[in-house]
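In the UniProt record's numbering, the protein residues as written are 1 to 264. Inspection log for the structure reproduced underneath, given as structure tokens.
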Amino acid sequence: MSPTDSVLQVRGLSKSFGANTVLRGIDLDVPRGKVVALIGPSGSGKTTILRSLNGLELPDAGSVTVGASGGTSTGVEPQRPSLTLDFDAKVSPKEVAALRDRSAMVFQHYNLFPHMTVLQNVIEGPVRVQKRPRAEVVAEADALLKRVGLFEKRDSYPFELSGGQQQRVGIVRALALKPQLLLFDEPTSALDPELVDDVLAVIKELADEGWTMVIVTHELAFARQTADEVVFMDGGVVVERGPASQVLRKPQEERTQQFIRRLL
Ligand code: ADP
């Protein structure tokens with residue numbers, strides 16, 4: 001892989017909360033248009049990585065580069081100049097805001113604004129934060145809502161929707177930001193089992209379309225179908241990584257084997 005084809009490069013990312021060291025020098029590469037699934041036991045640091053990529057946590061050390069320019073566009077995400085944040089130095093709030101603007105997060109508990117309609121939830125970021133013209137953003141939001149079968153719900157409030165519908169709105173809200181990188185934090189783990197498949201189908205469709213994604217998930221069958229690479233973490237380090245079929249079917253490391261056996 002040439003470095004210009006990489007949408008995300010993480011080097012030596014470290015983070016402690018007080019005395020609790022959560023990330024111990026994480027390296028991660030996500031090539032353009034590829035999907036990386038992060039798996040591992042609860043507390044291994046997966047969410048902290050995603051939050052660091054989205055500017056919601058400030059790592060103590062390491063660097064994050066998003067959106068290397070050049071390479072072959074998959075056509076779905078905007079090409080933008082590369083942005084590197086070096087956490088060994090002091091990063092400014094402006095740099096953190098720029099990092100946040102490159103990626104969009106889909107949360108486990110959807111995190112929709114309860115007092116806003118579906119449409120308002122979707123257009124809030126693009127209009128207020130990105131300062132894009134409202135009419136243009138509404139037209140894009142409507143098209144995205146149609147795509148996931150929720151156009152009829154555009155004027156409903158989150159409490160009027162099922163969990164699966166709320167999460168599809170969460171995905172549309174992320175897409176409306178036109179990010180270079182989509183981050184999913186256990187997007188189906190709060191859903192009733194019968195609602196999981198609809199949400200996974202939308203994510204799979206986006207992967208097939210060429211979006212670059214990092215997905216934290218416990219759905220191993222889904223990871224096998226959707227991810228190009230699987231990264232297994234434990235205790236704040238990457239224990240094993242490789243093609244999804246290899247890591248999930250023939251893990252090399254004892255810790256990975258134990259983890260996968262428990263989930264199957
Ligand atoms: P995972 O996503 O793999 O379950 P997390 O990244 O959520 O792991 O958490 C890793 C560790 O970091 C846990 O021990 C958790 O308690 C701790 N942690 C996460 N966020 C915070 C925070 N804001 N303050 C203090 N500790 C935190």
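No residue lacks a Cβ here, since even glycine has one placed at the ideal position from N, Cα and C. The structure presented is a predicted model; accordingly, all values stated were derived computationally and were not measured.
Does DSSP put residue i in a helix, a strand or coil?
{"i": "GLU57", "result": "coil"}
{"i": "residue 265", "result": "With the chain running from 1 to 264 in the structure shown, residue 265 is simply not present."}
{"i": "GLU253", "result": "coil"}
{"i": "ASP101", "result": "helix"}
{"i": "THR117", "result": "coil"}
{"i": "PHE232", "result": "strand"}
{"i": "VAL91", "result": "coil"}
{"i": "SER2", "result": "Residue confidence for SER2 is low, a pLDDT of 49 falling below 50, so the modelled location carries little weight; the figure read from the coordinates is stated next. Residue state, collapsed to three classes: coil."}
{"i": "VAL127", "result": "helix"}
{"i": "VAL76", "result": "coil"}
{"i": "ALA207", "result": "helix"}
{"i": "SER52", "result": "helix"}
{"i": "PRO41", "result": "coil"}
{"i": "LYS245", "result": "Looking at the sequence itself, residue 245 is Ser, so the reference to Lys does not match. Correct three-state label for SER245: helix."}
{"i": "ASP197", "result": "helix"}
{"i": "ALA176", "result": "helix"}
{"i": "residue 280", "result": "Because the chain in this structure spans residues 1 to 264, residue 280 falls outside the shown range and cannot be described."}
{"i": "LEU264", "result": "coil"}
For residue i versus residue j, is the C-beta spacing smaller than 9 Å?
{"i": "PRO243", "j": "GLU229", "result": "yes"}
{"i": "VAL247", "j": "ARG241", "result": "yes"}
{"i": "ILE26", "j": "LEU8", "result": "no"}
{"i": "ASP192", "j": "GLY164", "result": "yes"}
{"i": "VAL35", "j": "TRP211", "result": "yes"}
{"i": "LEU28", "j": "LYS15", "result": "no"}
{"i": "GLU95", "j": "LEU85", "result": "yes"}
{"i": "GLY67", "j": "SER82", "result": "yes"}
{"i": "THR47", "j": "SER6", "result": "no"}
Which residues mark the beginning and the end of the beta strand (DSSP E) in which residue i is found?
{"i": "GLN9", "result": "6–17"}
{"i": "LEU85", "result": "83–86"}
Per the DSSP calculation, residue i is bridged to which residue(s)?
{"i": "ASN20", "result": "PHE17"}
{"i": "MET213", "result": "VAL35, LEU182"}
{"i": "ILE171", "result": "According to DSSP, which records beta bridges pairwise, ILE171 is partnered with nothing at all."}
{"i": "SER63", "result": "ARG11, ASP86"}
{"i": "residue 284", "result": "Nothing can be reported for residue 284, as the shown portion of the chain is limited to 1 through 264."}
{"i": "VAL106", "result": "PHE184"}
Got a sec, what are the start and stop residues for the alpha helix (DSSP H) residue i sits in?
{"i": "VAL137", "result": "134–147"}
{"i": "THR226", "result": "220–226"}
Counting Cβ pairs, one atom from each stretch, are 3 or more of them under 8 Å apart for the region 158–174 and the region 116–127?
-> Yes, they touch.
With contact counted as at least three CB pairs below 8 Å, one residue from each stretch, are the region 207–218 and the region 176–193 in contact?
-> yes
Would you check if the region 93–111 and the region 52–64 touch, i.e. whether three or more CB-CB distances between them fall below 8 Å?
-> yes
Could you tell me whether the region 154–173 touches the region 198–205, where touching means 3 or more Cβ pairs closer than 8 Å?
-> yes
Taking one C-beta from the region 231–240 and one from the region 34–53 each time, how about it: are there three or more such pairs within less than 8 Å?
-> yes
Around the ligand SAH, what residues have a beta-carbon under 5 Å from a heavy atom of it, in chain order?
-> In the structure on display, the ligand SAH does not appear, and the ligands it does have are the ligand ADP.
Is there contact here, the region 142–161 with the region 82–93, by at least three beta-carbon pairs under 8 Å?
-> No: the two stretches stay apart, fewer than three of their Cβ pairs being nearer than 8 Å.
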